[in-house]
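Following: one structure in structure tokens, then a few remarks.
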Amino acid sequence: MRVPAWSVAATLAGATLLASAGCSGGASDGPVRTTVPLADDTIPGTVADLEVEPTPSTTEPIPPTVVTVTVAVPEAGIDTTVTAELSNDGDPFGDFASCSGVRREVGAYSVAISQTGGEIRSVSLLTTSRVTGPGTIDADARLELADGTAVVAAGTMTLDPGLRSGSYLAFDAGGRRVEGAFECLGSDAPTPVGSDEGPPLEVVALLRRGDTERIVSLASSDPELVSCPSDGSDQPLVVRADGGPSLGALTTFELAVDGDDASLRLRVGDEVGEFRPVDVTLDEARRAGTFSAVDGDLTVDGAFSCE
Numbered sequence: 042m043r044v045p046a047w048s049v050a051a052t053l054a055g056a057t058l059l060a061s062a063g064c065s066g067g068a069s070d071g072p073v074r075t076t077v078p079l080a081d082d083t084i085p086g087t088v089a090d091l092e093v094e095p096t097p098s099t100t101e102p103i104p105p106t107v108v109t110v111t112v113a114v115p116e117a118g119i120d121t122t123v124t125a126e127l128s129n130d131g132d133p134f135g136d137f138a139s140c141s142g143v144r145r146e147v148g149a150y151s152v153a154i155s156q157t158g159g160e161i162r163s164v165s166l167l168t169t170s171r172v173t174g175p176g177t178i179d180a181d182a183r184l185e186l187a188d189g190t191a192v193v194a195a196g197t198m199t200l201d202p203g204l205r206s207g208s209y210l211a212f213d214a215g216g217r218r219v220e221g222a223f224e225c226l227g228s229d230a231p232t233p234v235g236s237d238e239g240p241p242l243e244v245v246a247l248l249r250r251g252d253t254e255r256i257v258s259l260a261s262s263d264p265e266l267v268s269c270p271s272d273g274s275d276q277p278l279v280v281r282a283d284g285g286p287s288l289g290a291l292t293t294f295e296l297a298v299d300g301d302d303a304s305l306r307l308r309v310g311d312e313v314g315e316f317r318p319v320d321v322t323l324d325e326a327r328r329a330g331t332f333s334a335v336d337g338d339l340t341v342d343g344a345f346s347c348e
């Protein structure tokens with residue numbers, strides 16, 4: 042049985058993936074009638090009645106981005122469905138949701154929902170390597186239950202065509218079966234990272250506060266959103282990503298390394314972490330590495346790849 046990679050070690054290793062390197066409104070039913078006085082040089086004492094037909098709106102309301110995960114652990118008597126609406130804000134340790142299926146690009150595939158109430162406080166799924174299309178790939182699952190206990194399991198994820206839905210099957214260390222399905226709606230289908238013109242940047246990070254853990258990630262090859270300008274020299278290195286939810290749950294990431302000095306800034310929902318010092322290990326080409334730091338009660342361990 043494969044050992045679950047849901048741990049700091051897995052994130053530091055990059056879980057194999059880094060090693061492979063608008064608005065709508067109502068309108069009146071009839072024409073709008075506006076009375077406008079004519080100019081002074083027109084016939085005295087008259088007005089012009091202008092009838093303006095409202096232009097039908099061609100803008101469709103933006104559908105909400107909804108993440109749904111079914112969870113079954115038969116031996117624990119768990120059989121439930123968790124659903125949440127994805128947003129740019131919120132507390133990742135409170136009510137929060139993310140899904141690779143609603144991003145522009147996808148690297149390692151992740152699905153996560155956390156909620157303050159309910160039988161399951163959080164469910165997280167993460168593949169152990171980058172996805173290149175639909176099919177079955179190794180993945181880990183982690184559940185946090187209402188009583189504070191966690192279920193950590195290793196298995197596989199099967200992605201459907203379009204990369205916005207799929208299923209998973211995993212087993213914990215005691216052999217308990219953890220299975221279910223997921224669906225992420227409200228966005229166009231993503232493409233595997235690296236399909237755009239720029240070099241890809243991928244980040245996976247494990248956030249920990251007390252006994253609560255959250256896996257977050259980003260992936261993009263859009264040069265307007267990400268930067269990883271390393272030439273393998275000893276010059277200062279800055280790895281940066283700044284954008285919206287199309288990047289991932291991590292909407293801001295900046296790792297700066299100058300000799301033995303390093304700092305890290307990241308944003309997940311409303312949570313902003315600024316870390317200094319940061320333990321950083323880079324590969325020989327300085328195109329991939331791992332990082333670890335603490336900011337108050339928030340701990341982060343993660344890995345990045347620019348390949």
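So the mapping is simple: my numbering equals the position in the sequence shown, first residue as 1, plus 41. We put the CB at the ideal spot given by N, CA and C, even for glycine. None of the values given here were measured: they were computed from a predicted structure.
{"query": "S155 versus D301 - alpha carbon distance", "result": "36 Å"}
{"query": "Cα-Cα separation, G310 to E295", "result": "16 Å"}
{"query": "Beta strand (DSSP E) runs wholly inside the stretch 246-307, at least 3 long, in chain order", "result": "253-261, 278-283, 291-299"}
{"query": "Between the CA atoms of I178 and G199 - distance to the nearest angstrom", "result": "Here residue 199 is Thr; the residue named in the question, Gly, does not match the sequence. Their Cα atoms are separated by approximately 6 Å."}
{"query": "Reduced DSSP secondary structure (H/G/I, E/B, other) of L339", "result": "strand"}
{"query": "From A149, D132, E185, P241, residue whose alpha carbon lies closest to that of A117", "result": "E185"}
{"query": "Alpha-carbon to alpha-carbon, S139 and T232", "result": "17 Å"}
{"query": "Extent of the continuous beta strand (DSSP E) run through C140", "result": "137-140"}
{"query": "The stretch 156-163 touching the stretch 187-203, judged by at least three CB pairs closer than 8 Å", "result": "yes"}
{"query": "Cβ contact check for the stretch 272-284 and the stretch 165-182: 3 or more pairs under 8 Å", "result": "no"}
{"query": "G285 versus R145 - alpha carbon distance", "result": "10 Å"}
{"query": "Endpoints, beta strand (DSSP E) assigned at S165", "result": "161-171"}
{"query": "Terminal residues of the beta strand (DSSP E) in which T177 lies", "result": "176-186"}
{"query": "Paired residues, beta bridge with C225 - DSSP", "result": "V108"}
{"query": "Nearest to L323 (by Cα), restricted to the options G343, V335, G251", "result": "G343"}
{"query": "Exposure label - T96; buried when at least 16 CB within 10 Å", "result": "Note that T96 scores a pLDDT of 47, beneath 50, so its modelled location is shaky and nothing firm can be said."}
{"query": "Under the three-state DSSP convention, the category E116 falls into", "result": "helix"}
{"query": "V319 in three-state terms, based on DSSP", "result": "coil"}
{"query": "Exposed unless 16 or more other CB atoms sit within 10 angstroms - verdict on S69", "result": "Low local confidence applies: a pLDDT of 35 at S69 is under 50, so the model's placement there is unreliable, and no value is given."}
{"query": "Proximity winner among V267, T121, V108, V341, relative to V143 (alpha-carbon distances)", "result": "V108"}
{"query": "Cβ pair S128, A260 closer than 9 Å", "result": "no"}
{"query": "Exposure label - T169; buried when at least 16 CB within 10 Å", "result": "buried"}
{"query": "A282 beta carbon less than 9 Å from that of V298", "result": "no"}
{"query": "Nearest residue (CA-CA) to G289, options V123, I119, A153", "result": "A153"}
{"query": "Alpha-carbon to alpha-carbon, V280 and S218", "result": "The sequence given here has Arg at residue 218, not Ser. Looking at the two C-alpha atoms, the distance is approximately 39 Å."}
{"query": "Between the CA atoms of L307 and V313 - distance to the nearest angstrom", "result": "6 Å"}
{"query": "V143 - DSSP class collapsed to helix/strand/coil", "result": "helix"}
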